[in-house]
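Q: Counted from 1, the sequence shown has number 217 at position 217 by full-length UniProt numbering; the numbering is strictly sequential.
Every residue gets a Cβ at the ideal spot worked out from N, C-alpha and C, and that includes glycine.
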Amino acid sequence: MSPPVLEVSALTKHYGGVHALDGVTFSIARGELLALIGPNGAGKSTCFNILNGQLRPDSGSVRLYGRDITGLAPRRIARLGVGRTFQVATVFASMTALENVQMALIAARGQVFGLWSPARRMGREDALALLEQTGMAALAERPAATLAYGDVKRLELAMALAGDPALLLMDEPTAGMSGDERQAMIALVRQLTRARGLAVLFTEHAMDVVFGHADRVVVLARGRLIADGSVEAVQSDPAVRQVYLGGAPASISEAP
Ligand SMILES: Nc1ncnc2c1ncn2[C@@H]1O[C@H](COP(=O)(O)OP(=O)(O)OP(=O)(O)O)[C@@H](O)[C@H]1O
Numbered sequence: 001m002s003p004p005v006l007e008v009s010a011l012t013k014h015y016g017g018v019h020a021l022d023g024v025t026f027s028i029a030r031g032e033l034l035a036l037i038g039p040n041g042a043g044k045s046t047c048f049n050i051l052n053g054q055l056r057p058d059s060g061s062v063r064l065y066g067r068d069i070t071g072l073a074p075r076r077i078a079r080l081g082v083g084r085t086f087q088v089a090t091v092f093a094s095m096t097a098l099e100n101v102q103m104a105l106i107a108a109r110g111q112v113f114g115l116w117s118p119a120r121r122m123g124r125e126d127a128l129a130l131l132e133q134t135g136m137a138a139l140a141e142r143p144a145a146t147l148a149y150g151d152v153k154r155l156e157l158a159m160a161l162a163g164d165p166a167l168l169l170m171d172e173p174t175a176g177m178s179g180d181e182r183q184a185m186i187a188l189v190r191q192l193t194r195a196r197g198l199a200v201l202f203t204e205h206a207m208d209v210v211f212g213h214a215d216r217v218v219v220l221a222r223g224r225l226i227a228d229g230s231v232e233a234v235q236s237d238p239a240v241r242q243v244y245l246g247g248a249p250a251s252i253s254e255a256p
């Protein structure tokens with residue numbers, strides 16, 4: 001059997017006396033959409049920042065397809081196949097949607113602009129294909145600054161896919177969206193996860209998104225992994241209910 005795309009083992013990170021991560025272990029398979037949830041301060045951002053190389057763990061390891069990538073520089077980790085989207089979209093406002101994806105392709109391929117290869121044509125076909133896959137083809141020529149918020153998030157997804165990642169880390173992919181937009185966005189991510197054989201790890205505060213679409217859910221609380229399982233298993237887990245609702249007998253699908 002092929003190794004998981006990502007294996008996180010006994011990851012630990014302290015800030016003074018704060019245990020931001022305390023022995024966290026989980027893995028993700030190809031084609032899997034895994035939600036990483038937990039209350040504020042649980043350690044989700046710390047985990048993401050270690051996975052993409054922005055932070056070094058105190059101990060523990062991160063393996064990508066069996067290869068130890070712990071502590072490598074972010075650029076190196078990106079080149080090995082780990083992409084990331086951020087809560088606040090990072091696109092060039094004055095460029096069109098198409099140019100933004102072309103830029104992402106050029107950067108991912110380590111190309112540079114040359115006199116004999118005008119930037120306007122570089123990666124154009126591949127960029128259009130990515131915009132097609134993310135439902136953005138009709139908006140290809142629109143400056144990013146004029147796009148609706150949900151479309152900017154879709155554009156950012158197309159840009160993240162330009163690096164052809166094996167693993168995509170998505171920091172609250174539906175933050176700031178309305179209910180319908182949220183559902184459409186996560187359904188798109190899920191469809192791309194399956195179609196491309198991606199592994200996607202996402203953080204999310206919107207429980208309808210998590211419980212409606214994730215294949216599996218990992219729950220952190222104060223740096224510790226307290227649950228790892230199916231949506232149903234996590235929803236009915238007493239430890240998870242305790243963390244979200246202080247033990248009240250309601251479903252955590254109602255948690256804010
Ligand atoms: N640079 C830092 N210096 C000191 N403490 C930090 C630092 N970064 C994070 N922490 C602490 O580590 C813990 C985990 O924080 P982290 O940001 O990873 O949680 P989170 O689950 O992403 O929270 P949120 O949902 O609010 O974004 C918190 O107690 C936080 O205050």
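Rounding to the nearest angstrom, what Cα-Cα distance links residue 168 and residue 83 in this structure?
A: Straight-line Cα distance between these residues: approximately 5 angstroms.
Q: Quick one: residues in its chain with C-beta nearer than 8 angstroms to the C-beta of residue 154, no 5 flanking neighbours on either side, listed in chain order?
A: If we look at residue 154 and ignore the five residues flanking it on each side, its Cβ neighbours are 134, 135, 136, 185, 188.
Q: Quick one: what's got a C-beta closer than 6 angstroms to residue 261's C-beta in the same chain, skipping five residues either side?
A: Nothing in the structure corresponds to residue 261, since the chain is present only between 1 and 256.
Q: Does the Cβ of residue 244 have 16 or more other Cβ atoms within 10 Å, making it buried, or fewer, making it exposed?
A: Per the 10 Å Cβ criterion, buried.
Q: Near ligand 1, which residues have their beta-carbon less than 6 angstroms from any of its heavy atoms, given in chain order?
A: Counting every residue whose Cβ lies closer than 6 angstroms to a heavy atom of ligand 1, we get 15, 18, 20, 38, 40, 41, 42, 43, 44, 45, 46.
Q: Helix, strand or coil for residue 208 per DSSP?
A: DSSP places residue 208 in helix when its eight states are reduced to three.
Q: Assign residue 102 to buried or exposed, taking buried as 16 or more other Cβ atoms, counted over all protein chains shown, within 10 Å of its Cβ.
A: With 16 or more other Cβ atoms within 10 Å, it is buried.
Q: Which runs of the beta strand (DSSP E) fall wholly inside the region 8 to 42 and span at least 3 residues, in chain order?
A: 18 to 28, 33 to 37, all fully within the region 8 to 42.
Q: Residues bridged to residue 199 by DSSP?
A: Beta-bridge pairing links residue 199 to 167.
Q: How would you label residue 10, buried or exposed, when you count the other beta carbons within 10 angstroms and need 16 or more for buried?
A: Under this definition residue 10 is an exposed residue.
Q: When DSSP labels each residue in this structure, what does residue 50 get in the three-state scheme?
A: Three-state DSSP puts residue 50 in a helix.
Q: Exposed or buried, residue 238, counting other C-beta atoms within 10 Å across all chains shown (16 or more means buried)?
A: The residue is exposed, with fewer than 16 neighbouring Cβ atoms inside 10 Å.
Q: Check whether the Cβ atoms of residue 77 and residue 49 lie closer than 8 angstroms to each other.
A: Not a contact, by the Cβ cut-off of 8 angstroms.
Q: Alpha carbon to alpha carbon, how far is residue 160 from residue 12?
A: Approximately 27 angstroms between the Cα atoms of the pair.
Q: Would a check of beta-carbon distances place residue 44 closer than 8 angstroms to chain B?
A: Absent here is chain B; the protein component of the structure consists of one chain.
Q: What first and last residue would you give for the beta strand (DSSP E) that runs through residue 270?
A: Because residue 270 is not part of the residues shown, which for the chain are 1 to 256, the question remains open.
Q: For the region 210 to 229 against the region 26 to 38, are there 3 or more C-beta pairs whose distance is under 8 angstroms?
A: Yes: the two stretches touch, three or more of their Cβ pairs being nearer than 8 angstroms.
Q: Just the Cα atoms here: how many angstroms apart are residue 58 and residue 65?
A: Their Cα atoms are separated by approximately 22 angstroms.
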